[in-house]
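Position one of the sequence shown corresponds to residue 35 (my numbering), numbered consecutively onward.
No residue lacks a Cβ here, since even glycine has one placed at the ideal position from N, Cα and C.
Computed from a predicted structure; not experimentally measured.
Presented below is the structure to which this report refers.
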Amino acid sequence: MTSIREIVQQALATGLLSIEAEEKLRLLLSHKYDEDDRAAFMQLQSAAMKGLVQQESRLQVDLKASLAAA
35 MTSIREIVQQ ALATGLLSIE AEEKLRLLLS HKYDEDDRAA FMQLQSAAMK
85 GLVQQESRLQ VDLKASLAAA
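What follows is the structure in structure tokens.
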């Protein structure tokens, strides 16, 4: 199974958190995880707040809203 750290590393490398990765993160975070995984998740949150990583799910919502407004 993929770890939280692996998902975070992928997202940081690509600048995108895919919908699939977001779903895996939710699942992994609902179970017990270690301090390294917690630190990695906090790093992902920080990168997202700084605009370094975008969520694919939010990009889709934004695109749908833009198309609806046009």
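In the DSSP assignment, find the alpha helix (DSSP H) that holds residue i and state where it starts and stops.
i: Lys58; result: Ile53 to Leu63
i: Thr48; result: Ile38 to Thr48
i: Asp70; result: Glu69 to Met83
Around the C-beta of residue i, are 16 or more other C-beta atoms found within 10 angstroms, so that it is buried, or is it exposed?
i: Ala103; result: exposed
i: Asp68; result: exposed
When DSSP builds the beta bridges, which residues end up paired with residue i?
i: Gln89; result: Leu51
Quick check: the Cα distance between residue i and residue j, rounded to an integer number of angstroms?
i: Ala73; j: Leu93; result: 25 Å
i: Leu78; j: Ala99; result: 25 Å
i: Leu63; j: Ile38; result: 8 Å
i: Glu54; j: Leu46; result: 15 Å
i: Gln43; j: Gln88; result: 14 Å
Would you mind giving the Cβ-Cβ distance between residue i and residue j, rounded to the nearest angstrom? I have them listed as a contact below 8 Å.
i: Glu90; j: Leu61; result: Wrong, their Cβ atoms sit about 17 Å apart, outside the cutoff.
Kindly examine the ligand ADP and report whether one of its heavy atoms sits closer than 8 Å to the Cβ of residue i.
i: Ser80; result: The model depicted lacks the ligand ADP and carries no ligand whatsoever.
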